[in-house]
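Student: What follows is a structure written as C-alpha cells; I'll ask about it next.
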Amino acid sequence: MFLKSLHPIACAAFLVAGLFGSAAQAAETGPCGGEIPCELENGDYYIHLPQNLQEIRASGDPLGAILYLHGHRGKALNAVRNKGFRRMADDLGVAFVAVQGINGTWSFPTSPRNLRDEATFFDAVLEDLAARFGIDRQRTLLSGFSSGGFMTWYLACDDSGRFAGFAPIAGAFWEPLPHDCRTAPPYLFHVHGTTDTVVPLEGRWLGGGKWKQGDVFESFEVWRRQSGLAGTEPQILTEGSLECERWQPETGFLELCLHDGGHSVQAAWIKRAWEHLAEMKGWAKG
C-alpha cells in the first residue's frame with residue numbers, strides 16, 4: 000500500500016466553423032470557439048466542441064464538458080491547441096474548455112496573490128457555457144494540472160456540487176490545509192507522480208519559506224476525516240500505469256492514483272476520470 004498514514008445562453012444561429020473543427024453558437028457577445036476566446040467580465044476561456052456536435056444536438060442528448068485549468072504561468076490557448084485534449088473531447092463527445100487564469104495564475108485561498116474571486120468567476124463560466132453552448136451543468140468535470148490542480152482542489156472544497164466531478168493532477172491543498180470543507184465530499188479522481196519534484200507528494204516550500212504546497216496524503220485526510228473514513232482501509236487496484244487507492248463515502252468518491260513518473264499530465268488520465276464518473280452517475284454515452 001503506497002498511502003501512508005494520513006494526517007490531518009440560447010442563440011438561434013450556429014457558427015459551424017472555427018479552428019480545429021470546432022463549432023460555436025453565435026451569442027450576444029459575438030461568436031467564439033477554437034482559438035477565439037469567449038470573453039467574460041473577469042476573464043475568458045477557450046472551447047473546442049466535439050466533432051459529433053450536430054449528432055448530439057439532433058439526438059437531444061445533454062452536452063457535457065471537461066474544464067481544464069493550466070499550470071503556473073500557463074496559457075489556456077495552448078491547452079485548446081493540444082491535439083490530445085481535443086481528441087479526448089471528440090472521443091467522449093464532450094466539450095473541452097480551457098479556462099485562463101489571470102496573468103497565468105490562480106487565486107485559491109492560500110495562494111501568494113489574490114487577483115480574482117475564482118468561485119464567482121467559475122459560476123459565471125458555467126452560466127455562460129450553458130447559455131452560449133447549451134452545456135449541461137450537471138455533466139461537467141473540472142480538471143487542472145499543477146497550479147490548476149491546486150485550484151481544482153479548492154473549488155471542490157468550496158462547493159463540490161459546482162461540478163459533477165473533479166480530476167486534479169499534480170496538485171493538492173496548500174498549508175495551512177483547511178480543517179474541513181463546507182461542502183459534501185466530491186467525486187474526486189487525483190493523479191500524481193511519485194518522482195514529481197515540482198509538486199512533490201509531501202509538498203515543498205516556495206518563496207523563500209513564505210508559502211508551502213501541502214502534502215497530498217494529508218490533503219486526502221481532510222476529506223477522509225470529514226467523511227468519517229479516517230483510518231479505514233482503501234480499495235486497491237491497478238489500471239495501466241496507475242496504482243490507485245479508493246474510498247467510498249456515503250456520497251461522493253475519493254481516489255488517489257500514483258504513477259512512477261514526474262511532473263506531467265496526460266489526456267488519458269482525464270478521459271479515464273470522465274469515463275468512471277459517467278459510469279457512477281449513470282450517464283448515457285453521447
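Take the numbering used here: the last position of the sequence shown gets the number 285, and nothing is skipped along the way.
Beta carbons: idealized from backbone N, C-alpha and C, even for Gly.
1) Could you name the residues of the same chain whose beta carbon sits closer than 7 Å to that of T28, not counting the 5 residues immediately before and after it, in chain order?
2) Can you find at least 3 beta carbon pairs, one from the stretch 97-104 and one from the stretch 126-134, that sit closer than 8 Å?
3) Identify, in the order they occur along the chain, each residue of the same chain with its Cβ nearer than 6 Å to the Cβ of T139, setting aside the five sequence neighbours on each side.
4) By Cβ distance, which residues of its chain are closer than 7 Å to G20, with the 5 residues on each side in sequence left out?
5) State the start and end residues of the unbroken beta strand (DSSP E) segment that holds A156.
6) Could you check what DSSP says for Q265 in three-state terms: helix, strand or coil?
7) Among D116, A267, G32 and S106, which one has its Cα closest to the Cα of A94?
8) Counting Cβ pairs closer than 8 Å, one from the stretch 195-211 and one from the stretch 153-160, do we hit at least three?
9) Might you give, ordered along the chain, the residues of its own chain that have their beta carbon closer than 8 Å to the beta carbon of E117, omitting 5 neighbours on each side?
10) Between the Cα of E174 and those of P185, L141, H191 and V215, spot the shortest distance and give me the residue it belongs to.
11) Among K270, H262 and H178, which has the Cα closest to the Cα of H71?
12) Taking just the CA atoms, how far does G92 sit from F144?
13) Excluding sequence positions up to five away, which residues of its chain have a Cβ less than 6 Å from the Cβ of A97?
14) So, C256 versus V197, is the Cβ gap smaller than 8 Å?
Tutor: A quick look at the data gives this:
1) Here residue 28 refers to the residue found at position 29 when the sequence shown is read from its first residue. Confidence at T28 is low in this model, with a pLDDT of 41, below 50, so its placement is unreliable and the value that follows should be read with caution. Only E38 meet the Cβ criterion.
2) no
3) Residue 139 sits at position 140 when you count from the first residue of the sequence shown. Cβ neighbours of T139 beyond the five flanking positions: A64, F162 and A163.
4) Counted from its first residue, the sequence shown places residue 20 at position 21. Note that G20 has pLDDT 35, beneath the 50 cutoff, so the model's placement of it is unreliable and the number below is only indicative. Cβ neighbours of G20 beyond the five flanking positions: Q50.
5) Looking up residue 156 in the sequence shown gives position 157. The sequence shown places Cys at residue 156, not Ala. First-last for C156: S146 to D157, but that is the alpha helix (DSSP H), not the beta strand (DSSP E).
6) By one-based count along the sequence shown, residue 265 stands at place 266. It is coil, neither helix nor strand.
7) Taking the first residue of the sequence shown as position 1, residue 94 is located at position 95. With distances taken between Cα atoms, A94 lies closest to G32.
8) no
9) Looking up residue 117 in the sequence shown gives position 118. In the same chain as E117, and ignoring 5 residues on each side of it, the C-beta atoms closer than 8 Å to its own belong to W105, S106, F107, M150, Y153 and L154, in chain order.
10) Start at 1 with the first residue of the sequence shown, and residue 174 comes out as number 175. Of P185, L141, H191 and V215, the residue nearest in Cα terms is V215.
11) Indexing the sequence shown from 1 puts residue 71 at position 72. Among K270, H262 and H178, the Cα nearest to that of H71 is on H262.
12) Numbered from 1 along the sequence shown, position 145 holds the residue referred to as residue 144. Numbered from 1 along the sequence shown, position 93 holds the residue referred to as residue 92. Each residue's Cα considered, the two are about 22 Å apart.
13) Locating residue 97 in the sequence shown gives position 98, where the first residue counts as 1. Short of 6 Å from the beta carbon of A97, and not among the five residues preceding or following it, lie these beta carbons of its own chain, in chain order: Y45, Y67, A75, A78 and V79.
14) Position 257 of the sequence shown holds residue 256. Position 198 of the sequence shown holds residue 197. Against a cut-off of 8 Å, the Cβ pair of V197 and C256 comes out as no contact.
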